[in-house]
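All remarks here apply to the structure that follows.
Residue numbers (the working numbering), protein chains in the order written: chain A, 754 to 1096; chain B, 754 to 1096; chain C, 754 to 1096; chain D, 754 to 1096.
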């Protein structure tokens, strides 16, 4: 049984709270939020207690692990405190929008042998797990081309965009992680180009809403990623891996399985309305993985290092948006991917 | 807030317990089981109490509603007691395997204005709800042909078959209810034929494992139902409605959305392994409907009358299996379907 | 090279003419039609000659085979003449609407060792051939349930219905043949029920436009066939075979592969507008089979006997429509199915 | 009726010959090939005559149009001769592998008001025509992202690669044309990167077998194209267009519609084995368009100018493969796309 404190009681915090309450190996002890009332309400709903202050959530007498779901700018500091306290941490991405800062805190945590996981929840999606299993099994031969599609249904508010770090760091970064995780190697080069088609005011932030990214893997295999902020037809996310002897894909998911036949056309249920409906089950699965790893003292992945690497790709992609050239990717750490590959 | 007692802590009882615990409008108070220990374990898991005896579950000072998930032969008696006590009841099907007995208890409950629902949970399936909405909207014109497929993955044990009442009363009955619910009228005639292909020993019980049923509706529209006990390829259930101007169908559901392409073929994820994986979300939805109806004093459906009518069709179908003729269906009550149609 | 005469230059005759012209093993010599002008036009289009009279088409000095695509009531007589002349015959179904008459002519032809094929063209459909291959391979185990769907887009004119022999003999008969061909055994019993939902005036002809048929095979396996004359959504035909270890199906075919995604729904291309678009490639394939069999002196199937058997099932089904009972099927000939099974 | 001479009696020539023979508005007069015997055989098969020499095919007394299906290096010269003779020309792509040479001959032909069409046959694919219709209708709003997939089943022989001009000029060029045709505007910039994963010896030719291309349209919309030479799973080609309010796609086509269900998976028919099976119907449709345009004196498209523009994109893409930068595209002619847009 792992005693958990949840830091952050906003929307995503409330999702994690429900999963913490439902997980049979979790003792959901504490909720902290800068808004104490919000913490109390969420705690009440799930039979947890509201923390009296943030310090309490890092008290190893009360908790074994923290779930960091607070504002992005507090992630790094909370990670550092967890490392100091010897409390395990499951941290929402990114570690810090400033890569150098993120590198620092990961170095700090690593020196202290912190047990920590970056919540790249898509790695726990049922379909992506199966897709990766097929790739790993050798069924499709060597990976040659990966196609990733990341398309949100509607523009987020500009206030969100402003602090997001831009499309590469905020949206595409999930797919940079997926690409590494599926391919099992680190990309060496990235080309990115984009436009502001959905929201011209994005240009004021140096951001884009529609982009095409091409990664090159050390094997010569290529990765294409298209990212858009607003589709008009719902949330669309899929992955396709072409190997030397076959292809495996995780298709778009539909919101239902009803078809209507009329003359000349068939109308099927469409895609999920938003990202949350699509990825909802991954949160519980990611938590379950983390808890199991803690309980059995297993390697934890995605590691902080995985978090840094995805951010490093996003940095190079952001550079390429500006230069119009394929940019080399420089990884901030010395740890090669294979170390965590077997997870 | 509705205070609930759960009667029955077996497999399906434990499913209902989780839904009772998760429903924000339910105060999950009591669990009763003939095996007191089992009741206690289930109660503990969800913060409820084990009832000291069955009487307690019908005590209107402690509970507003009972969820009857006990053995089939106790349903009728539990319904009667709920009616006596003025406690609402959500009852697993069938009301009683003996139709005459079932009619008695429904009459008894009706005289006492009992608030009761038969748990035909498929009526709450997301896809079937949408399919029925399309039918009701007139998009496909008048209903002319309904095709229902009900196929289990593997033979249940003979010990189960022995007390099940046979394929019509145990398995196909769900689809008799769906047919009435979709069409909005009561079938008038039924032809059924069947074989023992999966398990020859079924013949000892006068039962079949593979059957074809044709219902005739008063409009002349037809319903085809195929029911099999063992597919070899998973759990397969679907509904198709042909109208005068179009068709609507709830397709087979798949366990995932991964495709593997190799020379000459594409391998997709298959069907759910069993019925439970397929219908799981319907239990919570059915409960939510019942609770909402109680809270807002709305009409409750599927009603006890709906339960009797599905059973009456099963009786006639069972007769037809023996006679090789299309048999008229005699409904035990005077209430016409349309009374509950608007639910 | 087989020299062919085509008898009948109507719509289906013109389809056959194009296939005769395109087949590299056919010398398309003659066209006959009661309307000489029509014969001439069709002959001109394909570099054939119009026959001066019907006798010419049975002249073994000029032709090796006749393709009988004339009016239904002339099929039997043309078959008889081909048998007399020692000319091979590919005959549109049915042999004769009157089963007794059909039996006579088949007996006559058989005594003369006539080489003849009934044009059940669906046996040559790419998807059905593959489906049957899967069944024959044992991949799905023993056949337990076959589901056949036969749905036309629009009511044919009443003038057509009047001489068609009714839905069982005209439409469903193709699927009686498919059922036998797929199962590899002859059904022993049939239940049929139907309604006039699309065209109430059908009742004047004792006919139906919407029907459900259940066949029983000697193994106890069941066959369900739904036949409708008017769907509102195009031409819908499919086959599904449930075996003891799996299922194989030939899905509905679509007219195209374009999808349009909008909020909440996906609009795909619909079904073919009519039966002809769906089965078009089967005509050439059936002809090719016949020609190859002639060239190599191989067994020809579907045989005249196959034609009689499908008609015999239609007769029993027509009886069942009236009696409301499952009717035994009596086959007019002594030849067991297996004789032609290996084709 | 248009009298045609076919130049080139190889594989693709024989495909065109069959379409010329089948088209009711074509008088298929002559076949020329450098191998006279091959010309005669093909002519015989379709009732045409073998040309005695190449001059005969440009004789306006004998032919109205030539179909240029000879070796690539002869295209330009044959186009020039057709222009000189005032004979219309349907020319296989490319006009000439050397863009400057191609520009010359197009200038020459244009001065003489030559009626000519470049055979970008994919523009006549049923699904692509429908997809473009949807785009043009405004149903999906403004085009924002186009995704094109071009994947061959197996490496062509190195002897073919050697004279092909490389993947951009030989394979991807079809999709450069499709992108222009769908978007209705000319791309302004292209990034391309590629690898030799299927056949390392391609590096000797400066060629690649696996590539990712990103085009930028003047509107800021992006186009992604992935091209591979060898899939291992058949021929895979599809198009997807994301607009501001929805998406339209032409899905992968399957070789059949049979599904096999077993425990845990569904096996469907796979893709076509090769490109020819996939695009076969487009050849007849392209020819029909050309003939209709000639008969009715309508604008002919894809024009020679369209041919040049697709080649110009291929040139820039080939440059980008080497530089690792997004390259500007310079079009050789002054004619803006919209002139032929209405076709």
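C-beta: ideal position from N, C-alpha, C; glycine also.
Inter-stretch contact at 8 angstroms, needing at least 3 Cβ pairs: the region 783-801 of chain D / the region 1063-1077 of chain C: no
DSSP bridge partner residues for residue 846(B) (one or two, in chain order): The partner list for residue 846(B) (beta bridge, DSSP) is empty, contrary to what the question assumes.
Residues near residue 810(B) in its chain [Cβ-Cβ closer than 7 angstroms; skip 5 each side]: 758, 760, 783, 785, 804, 816 and 819
Beta-carbon proximity list for residue 928(B), same chain, < 6 angstroms, skipping 5 on both sides: 901, 903 and 978
For residue 932(D) and residue 887(B), the rounded distance between their alpha carbons: 38 angstroms
Environment of residue 1015(D) [buried if 16+ CB atoms lie within 10 Å]: buried
Paired residues, beta bridge with residue 1010(D) - DSSP: Answer by DSSP bridge pairing: none, since residue 1010(D) is not bridged.
Assigned exposure category for residue 1057(C) - 16 Cβ within 10 Å defines buried: buried
Range covered by the alpha helix (DSSP H) that runs through residue 1075(C): 1057-1076
Inter-residue spacing [alpha-carbon to alpha-carbon] between residue 890(D) and residue 1017(D): 42 angstroms
Where residue 977(C) meets chain B, residues with beta-carbon distance less than 7 angstroms: 965, 977 and 979
Cα-Cα separation between residue 1007(C) and residue 878(D), rounded to whole angstroms: 15 angstroms
Proximal residues of chain E, C-beta to C-beta of residue 1015(C) below 7 angstroms: The structure shown contains no chain E; its protein chains are A, B, C and D.
Outcome for residue 995(C) when other beta-carbon atoms lying within 10 angstroms are tallied against a minimum of 16: buried
Inter-residue spacing [alpha-carbon to alpha-carbon] between residue 1085(C) and residue 942(C): 15 angstroms
Closer than 9 angstroms to chain A by CB, residue 900(D): yes
Under 7 angstroms by beta carbon: chain B residues contacting residue 1009(A): 879, 880 and 883
Where the region 768-785 of chain C meets chain D: residues whose CB sits under 8 angstroms from a CB there: none
Inter-residue spacing [alpha-carbon to alpha-carbon] between residue 842(C) and residue 836(C): 8 angstroms
Reference residue 794(D), options 762(D), 945(D), 823(D) and 769(D), closest by Cα: 762(D)
Option nearest residue 1025(D) by Cα separation, candidates 905(D), 876(D) and 896(D): 905(D)
Between the CA atoms of residue 951(B) and residue 768(A) - distance to the nearest angstrom: 45 angstroms
C-beta neighbour in chain D for residue 797(C), strict 9 angstroms: no
Range covered by the alpha helix (DSSP H) that runs through residue 994(C): It is not in any alpha helix (DSSP H) - residue 994(C) instead sits in the beta strand (DSSP E) that spans 989-996.
Contact belief for residue 844(B) with residue 872(B) at Cβ below 8 angstroms, rounded distance in angstroms: 6 angstroms
Residue interval of the alpha helix (DSSP H) (run including residue 811(D)): Per DSSP, residue 811(D) belongs to no alpha helix (DSSP H) and is neither H nor E.
Contacts of residue 887(A) in chain B (Cβ-Cβ under 9 angstroms): 1011 and 1013
Chain-ordered neighbours of residue 969(B) on chain C, where CB pairs are closer than 7 angstroms: 946
CB contact check: residue 989(B) to chain C, cutoff 9 angstroms: yes
Neighbour-count burial assignment, residue 912(D), 16 or more Cβ in a 10 Å radius: exposed
Opening and closing residue of the beta strand (DSSP E) in which residue 896(D) lies: 896-904
Whether residue 930(A) touches residue 1034(A) by CB criterion (9 angstroms): no
Extent of the continuous beta strand (DSSP E) to which residue 946(A) belongs: 942-948
CA nearest to the CA of residue 780(B), picked from 986(B), 946(B) and 756(B): 756(B)
Per-residue burial, residue 1059(C) [other beta carbons within 10 Å of its own, 16 or more giving buried]: buried
8 angstroms contact criterion, which residue 884(C) and residue 1003(C) should meet: CB distance rounded: 5 angstroms
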